[in-house]
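Data first, discussion second: the structure below is written as structure tokens.
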Amino acid sequence: MGETATHWESVAMPVLQAIVEKKDALRDRGLLQLGVGQDGAQWLGVDVGQGVLFDTLQQLNDLGYLSYDLKLESGPGALFVDLRLTGRGLQVLGEWPRFEAWASPATLAAFAEQLAQFVPAEDRTRLERAAAYLRTQAPTAIRSAAIAAGTQLMRSQLGLP
Amino acid sequence: MSTWTESDEPVLRWLRNQGSSFLPEPWSLRLGLRDSVEPPDEVAGLDSEHLDQALVRLLEHGLVDGKRQETIGFASWTGLRVTARGMQVLGEWPDLDQLASAVGVKMLLNELAKSAPNEEQSSLRRMVGVIGDVGEGVAMSTLNATAADLGGGLADG
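In the order they appear, the protein sequences are chains A and B. Residue 441 is where the first sequence ends in my numbering, and the numbering goes up by one at each step. Residue 166 is where the second sequence ends in my numbering, and the numbering goes up by one at each step.
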């Protein structure tokens, strides 16, 4: 469990946020262009290569966070026509800060202390110990652990080790 | 060891590191389906045929996307990319729906326990047990209320 930012945090979220910030300009233009002489990443204001942006837009579309009509051109170039954030995408933009809030050392430690109220005395000490430990953890370490936990869940659903 | 760990996961990671198959320059894979044909690159020690089979399985699981065309003795792949689900399996993207559940919280605590010292490890595992004891609904309401008190929280539990 490292503390390096995941692709989600370093690329996907900034792209989602940039699309929200540029939504009026995107509506006026009608499309986002990538390819030779059409630096969509620069226009969006995200610090990623065009290939990374091209893949990331498709991945965000995989989960229904974005909607567009994709046209590929020789050149090569790509036109993301009528690119916009969906309701689900907006929900995720709202959910992520809330996720960051609950998957924080302070919240998880306070949660352990709250749970301690429901248990017998012998367990209370252990939950207090858990709370003290959780408080010492770095926020990024907890977020990484949360993402790793989600990965494990998904793998088990797919029958993968 | 399994097909996943020996072949499919390394191929998924390899594809993740290749970059876009369309921009800035398109690339494709032409894989020989006979033993005598060498693979285009060394990918997890697989020959062409096994690389193709791994990609087919990953495609069937929705972990990669791409177009496969087979001709006599060869399979051609274009538009290859790792999907969002693939990124989640690789631990690069979160599954927010799962994480916002009691199961997700318990998995998170178990994950944290793995790198904790012995005493704390058992404390975190007991915390997981308590979440089960008090009931997942109560636990999630408590977590949500705690997060809200501290300035965050999941809107609808």
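Note that CB positions come from ideal geometry on N, CA and C, so glycine has one too.
Close Cβ partners of valine 52 of chain B (< 8 Å) along its chain, the five nearest in sequence each way excluded: Stepping through the second sequence from its first residue, residue 52 of chain B is reached at position 43. In the same chain as valine 52 of chain B, and ignoring 5 residues on each side of it, the C-beta atoms closer than 8 Å to its own belong to Pro19, Val20, Trp23 and Leu60, in chain order.
Through-space distance from glycine 310 of chain A to serine 37 of chain B, alpha-carbon basis: Along the second sequence, one-based indexing puts residue 37 of chain B at 28. Along the first sequence, one-based indexing puts residue 310 of chain A at 30. When rounded, the distance between both Cα atoms is 30 Å.
Where the alpha helix (DSSP H) through tyrosine 348 of chain A begins and ends: Taking the first sequence and counting its residues from 1, one reaches residue 348 of chain A at position 68. According to the DSSP assignment, tyrosine 348 of chain A belongs to no alpha helix (DSSP H) but to the beta strand (DSSP E) extending over 346 to 353.
Under 8 Å from the C-beta of isoleucine 422 of chain A: neighbouring residues of chain B: Position 142 of the first sequence, counted from the first residue, corresponds to residue 422 of chain A. Neighbours of isoleucine 422 of chain A in chain B, taken as residues at a C-beta separation under 8 Å, are given in chain order as Leu117 and Leu121.
Cα-Cα separation between glycine 344 of chain A and glycine 95 of chain B, rounded to whole angstroms: Locating residue 344 of chain A in the first sequence gives position 64, where the first residue counts as 1. Locating residue 95 of chain B in the second sequence gives position 86, where the first residue counts as 1. Straight-line Cα distance between these residues: approximately 15 Å.
Contact list for the segment 285 to 319 of chain A against chain B, Cβ threshold 7 Å: Residues passing the 7 Å Cβ filter: Thr286, His287, Trp288, Ala292, Leu314 and Gly315.
Residue-level contact to chain B via CB, phenylalanine 360 of chain A, 8 Å cutoff: Taking the first residue of the first sequence as position 1, residue 360 of chain A is located at position 80. No, no contact with chain B.
Neighbour list for serine 37 of chain B in chain A, Cβ cutoff strictly below 7 Å: Numbered from its first residue, the second sequence carries residue 37 of chain B at position 28. None at all; the shortest Cβ gap to chain A is about 12 Å.
Stretch-stretch touch, CB-based, cutoff 8 Å, three pairs: the segment 139 to 156 of chain B with the segment 392 to 403 of chain A: A contact exists between the segment 139 to 156 of chain B and the segment 392 to 403 of chain A.
Boundaries (first-last residue) of the alpha helix (DSSP H) holding serine 436 of chain A: The count along the first sequence starts at 1 and reaches residue 436 of chain A at position 156. Element bounds for serine 436 of chain A: 419 to 438.
Cβ shell of aspartate 165 of chain B (< 7 Å), same chain only, five flanking positions each side left out: Counting from 1 along the second sequence, the entry for residue 165 of chain B is found at position 156. Low confidence applies here, because aspartate 165 of chain B scores a pLDDT of 41, under 50, leaving its location unreliable and the question unanswered by this model.
C-alpha gap between leucine 414 of chain A and leucine 152 of chain B, whole angstroms: Translated into the one-based positions of the first sequence, residue 414 of chain A becomes position 134. Translated into the one-based positions of the second sequence, residue 152 of chain B becomes position 143. Counting only the Cα atoms, leucine 152 of chain B lies some 14 Å from leucine 414 of chain A.
Closer than 9 Å at the beta carbon, the chain A residues around glycine 28 of chain B: For the purposes of this step, residue 28 of chain B is identified with residue 19 of the second sequence, where counting begins at 1. The contacting residues are Gly329, Gly331, Val332 and Asp335.
Identity of the residue in A:Thr420, A:Ala425 and A:Leu312 nearest valine 114 of chain B by Cα: In the second sequence, residue 114 of chain B corresponds to position 105, counting from 1. The shortest Cα separation from valine 114 of chain B among A:Thr420, A:Ala425 and A:Leu312 belongs to A:Ala425.
Beta-carbon proximity list for arginine 66 of chain B, same chain, < 7 Å, skipping 5 on both sides: Reading the second sequence from its first residue, position 57 is the one you call residue 66 of chain B. Result list for arginine 66 of chain B: Asp17, in chain order.
DSSP beta-bridge partners of threonine 80 of chain B: For the purposes of this step, residue 80 of chain B is taken as residue 71 along the second sequence, with counting starting at 1. Bridge partners of threonine 80 of chain B: B:Phe83.
Neighbour flag for glycine 166 of chain B against chain A, beta carbons, 8 Å: The sequence position of residue 166 of chain B within the second sequence is 157, counting from 1. In this prediction, glycine 166 of chain B has a pLDDT of 36, which is less than 50 and means its spatial position is unreliable; what the coordinates show is noted afterwards. No, glycine 166 of chain B lies away from the interface with chain A (no Cβ there is under 8 Å from its Cβ).
According to DSSP, residues forming a beta bridge with phenylalanine 360 of chain A: For this step, residue 360 of chain A is matched to residue 80 along the first sequence. A:Leu312 and A:Leu350, per the DSSP bridge assignment.
Within 8 Å of chain A by C-beta, residues of the segment 96 to 114 of chain B in sequence order: Here the close residues are Met96, Gln97, Val98, Leu99, Gly100, Glu101, Trp102, Pro103, Asp104, Leu105, Gln107, Leu108, Ala109, Val112 and Gly113.
Tryptophan 102 of chain B and tryptophan 288 of chain A closer than 8 Å at C-beta: Counting from 1 along the second sequence, the entry for residue 102 of chain B is found at position 93. Counting from 1 along the first sequence, the entry for residue 288 of chain A is found at position 8. In this structure, tryptophan 288 of chain A lies closer than 8 Å to tryptophan 102 of chain B by Cβ.
Status (buried if at least 16 other CB within 10 Å, exposed otherwise) for alanine 418 of chain A: Start at 1 with the first residue of the first sequence, and residue 418 of chain A comes out as number 138. Classification for alanine 418 of chain A: exposed.
Same chain, Cβ closer than 7 Å to valine 361 of chain A, neighbours up to 5 away in sequence not counted: Start at 1 with the first residue of the first sequence, and residue 361 of chain A comes out as number 81. Counting only residues of its own chain and dropping the five nearest sequence neighbours on each side, valine 361 of chain A has a CB closer than 7 Å to the CB of Gly310, Leu311, Tyr348, Asp349 and Lys351.
Presumed contact (8 Å Cβ cut-off) between alanine 411 of chain A and leucine 32 of chain B, rounded CB distance: The residue given as residue 411 of chain A occupies position 131 in the first sequence. The residue given as residue 32 of chain B occupies position 23 in the second sequence. Between alanine 411 of chain A and leucine 32 of chain B a beta carbon distance of about 48 Å is seen, past the 8 Å cut, so the two are scored as non-contacting.
Within the segment 55 to 136 of chain B, ranges of the beta strand (DSSP E) (whole runs, at least 3 residues): For the segment 55 to 136 of chain B, whole beta strand (DSSP E) runs of length 3 or above, ordered along the chain, are 73 to 80 and 83 to 91.
Terminal residues of the beta strand (DSSP E) in which leucine 38 of chain B lies: On the second sequence, position 29 is the one that residue 38 of chain B refers to. Following the DSSP letters along the chain, one finds leucine 38 of chain B inside the beta strand (DSSP E) bounded by residues 38 to 41.
Glycine 162 of chain B (DSSP reduced to helix, strand or coil): In the second sequence, the residue the question calls residue 162 of chain B occupies position 153. Low confidence applies to glycine 162 of chain B: its pLDDT is 48, below 50, so where it sits in the model is not reliable, and the reading given next is rough at best. In the structure shown, glycine 162 of chain B sits in coil (DSSP, three-state: anything other than H, G, I, E or B).
As assigned by DSSP and simplified to three states, the class of glutamine 318 of chain A: Position 38 of the first sequence, counted from the start, is the residue given in the question as residue 318 of chain A. Three-state DSSP puts glutamine 318 of chain A in a strand.
Alanine 84 of chain B and leucine 55 of chain B closer than 8 Å at C-beta: Along the second sequence, one-based indexing puts residue 84 of chain B at 75. Along the second sequence, one-based indexing puts residue 55 of chain B at 46. Result no, Cβ atoms of alanine 84 of chain B and leucine 55 of chain B do not sit closer than 8 Å.
Valine 52 of chain B, DSSP secondary structure in three states: Along the second sequence, read from residue 1 onward, the residue named residue 52 of chain B stands at position 43. Reduced to three states, the DSSP call for valine 52 of chain B is strand.
Serine 124 of chain B classed as buried or exposed, judged by whether at least 16 other C-beta atoms fall within 10 angstroms: Numbered from 1 along the second sequence, position 115 holds the residue referred to as residue 124 of chain B. Per the 10 Å Cβ criterion, exposed.
Burial state of alanine 109 of chain B (16 or more Cβ within 10 Å): Taking the first residue of the second sequence as position 1, residue 109 of chain B is located at position 100. Buried, because 16 or more other Cβ atoms sit within 10 Å of the Cβ of alanine 109 of chain B.
Whole-Å CB distance - alanine 421 of chain A paired with alanine 156 of chain B, under 8 Å assumed: On the first sequence, residue 421 of chain A is found 141 positions in, with the first residue counted as 1. On the second sequence, residue 156 of chain B is found 147 positions in, with the first residue counted as 1. The distance from the Cβ of alanine 421 of chain A to that of alanine 156 of chain B is about 18 Å, inconsistent with a contact at the 8 Å cut-off.
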